[in-house]
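To convert, note that position 71 of the sequence shown is 89 in my numbering; the numbers rise steadily by one, no gaps.
The beta carbon of each residue, even a glycine, is placed where N, CA and C say it ideally should be.
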Amino acid sequence: MTTNQDDPAADPDPAAVERAAAVAVLYAEHRRSVHRYLRSRVRDDGLADDLASEVFVRALRRRTAVPPADEALPWLFTIAKNLVVDHYRSARHRREVTTAAFDDVVGDAAGPEQQLLRRDARDSLLRWVAGLGAEQRRCVEMRFLLGMSVDETAAAMCRGTGAVKSLQSRALVSLARLSRLDERG
């Protein structure tokens, strides 16, 4: 029987096997959080799926050991953030504003008048959210559009939970102010 020395499965590196097992545990524990984070950044489920898979592939390919459990999620979010940056910098990317998250709200069941009212409300909300600062906008998107917890949002933004609560509070005050300004004309 001959063995192929180029085949990694023939004589696996013990460190690589240990790293693969650790990444498998991270995948089981954090795949949903990573996907929600990516979905908040790219606004496309298919692309978020692809990028989430790539996060764990890159984690597996790293030559260094997987960080301890309390540092793992921020580490994965850093990999995810870098993938998003790479995606937006790529020549293939075209800037688009996607409102797919709101398309379900305006369904065929509502009459034309109801659809128009909902569309106007959606457009106003998008305009107000766009008027927020980048960090406040990210916080609002993660907390309310993606349904992330305060802890998940804090990990994704590399902040403490108190900072996220404060950021969220300031964002909601800003949204209320923007809506009042919009009503006045």
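Asked, Found
"Of the listed residues D88, G149, A173 and R76, nearest to Y55 (C-alpha basis)", "A173"
"Three or more C-beta pairs below 8 Å linking the stretch 44-64 and the stretch 137-148", "no"
"Simplified DSSP assignment, three categories, for M175", "helix"
"Opening and closing residue of the alpha helix (DSSP H) in which E131 lies", "P130 to A148"
"Separation of E72 from D141, as counted between CA atoms", "33 Å"
"Where D62 falls: helix, strand or coil (DSSP)", "coil"
"Proximity winner among R57, V75 and R107, relative to D67 (alpha-carbon distances)", "R57"
"Q186 versus D31 - alpha carbon distance", "46 Å"
"The alpha helix (DSSP H) enclosing D88, as first and last residue numbers", "A87 to R107"
"The stretch 77-97 contacting the stretch 183-200, beta-carbon criterion three pairs below 8 Å", "no"
"Alpha-carbon spacing of R59 relative to R137, whole angstroms", "23 Å"
"Boundaries (first-last residue) of the alpha helix (DSSP H) holding V158", "A152 to V158"
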